[in-house]
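K.L.:
From first to last, the protein sequence lines are chains A and B. When the first sequence is numbered by the numbering used here, its final residue is 191 and no position is left out of the sequence of numbers. When the second sequence is numbered by the numbering used here, its final residue is 191 and no position is left out of the sequence of numbers. Heads up, the beta-carbon is just placed ideally off N, CA and C, and yes, glycines get one too.
There are 2 protein chains.
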Amino acid sequence: MRHKPSKEEFNKKFEEVTLDTEQIFKGKIISLQVDKVKLPNGNISTREIVRHPGAVAVLAIYNDKMIVVEQYRKPLEKNQIEIPAGKLDPGEEPKEAAIRELKEETGFDCGSIKQINSFFTSPGFADEKIVLFFAEDLIRGEMELDEDEFLSCESITLEQALEYIKEEKISDAKTITAVYAWQIYKLTGKI
Amino acid sequence: MRHKPSKEEFNKKFEEVTLDTEQIFKGKIISLQVDKVKLPNGNISTREIVRHPGAVAVLAIYNDKMIVVEQYRKPLEKNQIEIPAGKLDPGEEPKEAAIRELKEETGFDCGSIKQINSFFTSPGFADEKIVLFFAEDLIRGEMELDEDEFLSCESITLEQALEYIKEEKISDAKTITAVYAWQIYKLTGKI
């Protein structure tokens, strides 16, 4: 009979033990460190690790359309259409952050919200974790953007969203995940 | 009539113009720079940007099961179950990289492979782009791991994959995207 590992055993298999940590950079949003690690075979290697406070994103449905925001993404040097999202404030609960970001970026309050899933965006080099929510029963209101925040808001059908993925107007992991989750919800009733 | 913006107009809306770039770090895998930018309102801000060579990932189906690998992810300090994936070698085409990574990490050759989509993992602070492939008609062979690469390979059903997402044993964006794409394929015949 196969041994079913405990959660701790599962997490420790292939562990890379930290021998040393060098702090390289501490910025407004991310920080960077390089860890010297001992591999399972005893060899020594390094790991480049970006630390991030974590974020939330919201699949918000209004009149059978998904609310999206368009904004400039400097690392890509282009505009992107994405679901509303943002970083966690210190000490903030993900659900609270999701309600706040939806309101700030789109003006919508939501009558109901629940978690769909959560995921690390780049587990090879970063610890950024996004918690994805599903918001319904939306009530339209005013956007509350910071002075230095530039984005526009629209709503699109599932067909448009799938078309935008093909055209790479939608081309980020969280939004594609949300579009697929929405498609599955429409097909199965489950989210 | 609403003006339909060209791809160039779309990409330049809300542009943040680079005034200066400071190179912070150049590592084995990622590099980090801080750009000073002019915002659309004329204000000055900074952007922390991680550069990454890009990667591929493969949804590989064998006997109606998805091939996954288990490996330690240092930024998360735990093991993760993910689809086979890896960085692009310099000058390498994504499809070629996908075939290579599938072979190295799982031992499988594939009879057919096609692109599902592509996505940026963290467009707020990184330019990492993953091209996701769908591989079928697999032929079992030997794994070809590097000396310092530690992972184990298994295959799981869709139901197990969805359960692993709930348990957070699967908790990375590319694998969740792949699982959802597979579920949609099983429901609609389209991928």
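Hey, which unbroken runs of the beta strand (DSSP E) at 3 residues or more fall wholly within the region 92 to 125 of chain B?
P.N.:
Qualifying beta strand (DSSP E) stretches, in chain order: 109 to 120.
K.L.:
Taking the alpha-carbon positions, what's the A/Asn41 to A/Thr18 distance?
P.N.:
Counting from 1 along the first sequence, the entry for residue 41 of chain A is found at position 41. Counting from 1 along the first sequence, the entry for residue 18 of chain A is found at position 18. Approximately 14 Å, taken between the alpha carbons.
K.L.:
Would you mind telling me which residues of chain B sit closer than 9 Å to A/Pro90, beta carbon to beta carbon, in chain order?
P.N.:
For this step, residue 90 of chain A is matched to residue 90 along the first sequence. Ordered by position in chain B, no residue passes the 9 Å Cβ test against A/Pro90, which lies about 18 Å from the chain.
K.L.:
Kindly say whether B/Asn41, judged by its beta-carbon, lies nearer than 9 Å to any beta-carbon of chain A.
P.N.:
As a position in the second sequence, residue 41 of chain B is number 41, starting the count at 1. Taking Cβ atoms only, chain A reaches closer than 9 Å to B/Asn41, which makes this a yes.
K.L.:
Just to confirm my understanding: we take A/Val132, look at its own chain, exclude 5 residues before and 5 after, and list those with CB closer than 8 Å. What are they?
P.N.:
Mapped onto the first sequence, residue 132 of chain A falls at position 132. Checking the sequence shown, residue 132 of chain A turns out to be Leu, not Val. The residues are Val56, Ala57, Val58, Leu59, Gln115, Ile116, Asn117, Ser118, Phe119, Lys174, Thr177, Ala178, Ala181.
K.L.:
May I ask you to list the residues that DSSP assigns as paired with B/Asp20?
P.N.:
By 1-based counting over the second sequence, the position of residue 20 of chain B is 20. Note: B/Asp20 sits in a beta bridge opposite B/Lys36.
K.L.:
Of the residues B/Leu102, B/Thr157, B/Thr121, which one's Cα is nearest the Cα of B/Leu138?
P.N.:
Within the second sequence, residue 138 of chain B is the residue found at index 138, counting from 1. With distances taken between Cα atoms, B/Leu138 lies closest to B/Leu102.
K.L.:
According to DSSP, A/Ala55 sits in a beta bridge with which residue or residues?
P.N.:
Here residue 55 of chain A corresponds to residue number 55 of the first sequence, with the count starting at 1. DSSP, once it has assigned bridges, lists A/Lys87, A/Ile130 as partnering A/Ala55.
K.L.:
Find out if the Cβ-Cβ distance for the pair B/Lys74, A/Asp20 is shorter than 9 Å.
P.N.:
Indexing the second sequence from 1 puts residue 74 of chain B at position 74. Indexing the first sequence from 1 puts residue 20 of chain A at position 20. No. Outside cutoff.
K.L.:
Anything in the region 17 to 31 of chain B with a Cβ closer than 7 Å to a Cβ of chain A? List those residues in chain order, please.
P.N.:
Those residues of the region 17 to 31 of chain B that come within reach of chain A (Cβ to Cβ, closer than 7 Å) are Ile24, Phe25, Gly27, Lys28, Ile29, Ile30.
K.L.:
Could you list which residues in chain A have their beta carbon closer than 7 Å to that of B/Tyr180, in chain order?
P.N.:
Residue 180 of chain B sits at position 180 when you count from the first residue of the second sequence. Simply Thr177, Tyr180, Ala181, Ile184.
K.L.:
How long is the line joining the alpha carbons of B/Asp127 and B/Arg51, rounded to whole angstroms?
P.N.:
Translated into positions along the second sequence, residue 127 of chain B becomes position 127. Translated into positions along the second sequence, residue 51 of chain B becomes position 51. Computed Cα separation, rounded: 6 Å.
K.L.:
Between the alpha carbons of A/Thr46 and B/Lys7, how many angstroms are there, rounded?
P.N.:
As a position in the first sequence, residue 46 of chain A is number 46, starting the count at 1. As a position in the second sequence, residue 7 of chain B is number 7, starting the count at 1. Computed Cα separation, rounded: 41 Å.
K.L.:
Determine the contact status of A/Ser155 and A/Val37, defining contact as a CB-CB distance below 9 Å.
P.N.:
Start at 1 with the first residue of the first sequence, and residue 155 of chain A comes out as number 155. Start at 1 with the first residue of the first sequence, and residue 37 of chain A comes out as number 37. Their beta carbons are not under 9 Å apart, which means A/Ser155 does not touch A/Val37 by this criterion.
K.L.:
According to a CB-to-CB cut-off of less than 7 Å, which residues of the region 76 to 88 of chain A neighbour chain B?
P.N.:
Cβ contacts with chain B: Leu76, Lys78, Asn79, Gln80.
K.L.:
Grab the span of the beta strand (DSSP E) containing A/Leu151 for me, first residue to last.
P.N.:
Counted from its first residue, the first sequence places residue 151 of chain A at position 151. It is not in any beta strand (DSSP E) - A/Leu151 carries neither H nor E in the DSSP assignment.
K.L.:
Following the continuous beta strand (DSSP E) through B/Glu70, name the residue where it begins and the one where it ends.
P.N.:
Against the second sequence, residue 70 of chain B aligns to sequence position 70. Run containing B/Glu70: 65 to 73, per the beta strand (DSSP E) assignment.
K.L.:
Alpha carbon to alpha carbon, how far is A/Gly107 from B/Glu105?
P.N.:
Numbered from 1 along the first sequence, position 107 holds the residue referred to as residue 107 of chain A. Numbered from 1 along the second sequence, position 105 holds the residue referred to as residue 105 of chain B. One C-alpha to the other measures close to 46 Å.
K.L.:
Using 9 Å as the threshold, is the C-beta distance between B/Ser152 and B/Gln80 below it?
P.N.:
Walking along the second sequence from the start, residue 152 of chain B turns up at place 152. Walking along the second sequence from the start, residue 80 of chain B turns up at place 80. Contact flag unset, no.
K.L.:
Going along the region 116 to 131 of chain B in order, which residues come within less than 9 Å of chain A, judged by CB to CB distance?
P.N.:
Listed by position, the residues of the region 116 to 131 of chain B near chain A (Cβ gap below 9 Å) are Asn117, Ser118, Phe119, Phe120, Thr121, Ser122, Pro123, Gly124, Phe125, Ala126, Asp127, Glu128, Lys129, Ile130.
K.L.:
Once the 5 residues before and after A/Glu15 are set aside, which same chain residues still bring their CB inside 8 Å of it?
P.N.:
For this step, residue 15 of chain A is matched to residue 15 along the first sequence. Same-chain partners within the cutoff: Pro40.
K.L.:
Does DSSP put B/Glu9 in a helix, a strand or coil?
P.N.:
Along the second sequence, one-based indexing puts residue 9 of chain B at 9. Correct three-state label for B/Glu9: helix.
K.L.:
Who pairs with B/Thr46 in a beta bridge, going by DSSP?
P.N.:
Taking the first residue of the second sequence as position 1, residue 46 of chain B is located at position 46. Note: B/Thr46 sits in a beta bridge opposite B/Lys36.
K.L.:
Here's a check: name, in chain order, each residue in its chain whose Cβ is nearer than 6 Å to the Cβ of A/Asp146, leaving out the five neighbours to either side.
P.N.:
In the first sequence, the residue the question calls residue 146 of chain A occupies position 146. If we look at A/Asp146 and ignore the five residues flanking it on each side, it has no Cβ neighbours.
K.L.:
Tell me whether A/Glu142 sits in a helix, a strand or coil according to DSSP, three-state version.
P.N.:
Your numbering for residue 142 of chain A matches position 142 in the first sequence. It is coil, neither helix nor strand.
K.L.:
Indicate whether at least one CB of chain A lies closer than 9 Å to the CB of B/Thr106.
P.N.:
By one-based count along the second sequence, residue 106 of chain B stands at place 106. Cβ-Cβ to chain A under 9 Å: no for B/Thr106.
K.L.:
Does any residue of chain B bring its CB to less than 9 Å from the CB of A/Arg73?
P.N.:
Translated into positions along the first sequence, residue 73 of chain A becomes position 73. Closer than 9 Å: yes.
K.L.:
Report the three-state DSSP secondary structure of B/Glu163 (helix, strand or coil).
P.N.:
Within the second sequence, the letter at position 163 stands for residue 163 of chain B. The answer is helix: DSSP assigns B/Glu163 an H, G or I state.
K.L.:
Answer with yes or no whether the minimum CB distance from B/Met1 to chain A is below 9 Å.
P.N.:
The count along the second sequence starts at 1 and reaches residue 1 of chain B at position 1. Because B/Met1 sits at a pLDDT of 46, beneath the cut-off of 50, its placement in the model cannot be relied upon, and the point is left open.
K.L.:
A/Ile49 touches chain B at which residues, Cβ-Cβ below 8 Å?
P.N.:
By 1-based counting over the first sequence, the position of residue 49 of chain A is 49. Those are Lys74, Pro75, listed as they occur along chain B.
K.L.:
Got a sec? Which residues, its chain only, sit under 6 Å from A/Pro84 by beta carbon, not counting five neighbours each side?
P.N.:
Along the first sequence, read from residue 1 onward, the residue named residue 84 of chain A stands at position 84. The residues are Val58, Val69, Glu101, Leu102, Glu105, Thr106.
K.L.:
In three-state terms, what does DSSP make of B/Lys174?
P.N.:
Here residue 174 of chain B refers to the residue found at position 174 when the second sequence is read from its first residue. Helix at B/Lys174.
K.L.:
Assuming contact is defined by CB atoms lying nearer than 9 Å, are B/Phe150 and B/Gln71 in contact in what I supplied?
P.N.:
Locating residue 150 of chain B in the second sequence gives position 150, counting from the first residue. Locating residue 71 of chain B in the second sequence gives position 71, counting from the first residue. Yes.
K.L.:
For A/Leu32 versus B/Leu32, is the C-beta spacing smaller than 9 Å?
P.N.:
Position 32 of the first sequence, counted from the first residue, corresponds to residue 32 of chain A. Position 32 of the second sequence, counted from the first residue, corresponds to residue 32 of chain B. Closer than 9 Å, so yes.
K.L.:
From the beta carbon of B/Glu147, is the nearest beta carbon of chain A less than 9 Å away?
P.N.:
Numbered from 1 along the second sequence, position 147 holds the residue referred to as residue 147 of chain B. For B/Glu147, the answer is yes, since a Cβ of chain A falls inside 9 Å of its Cβ.
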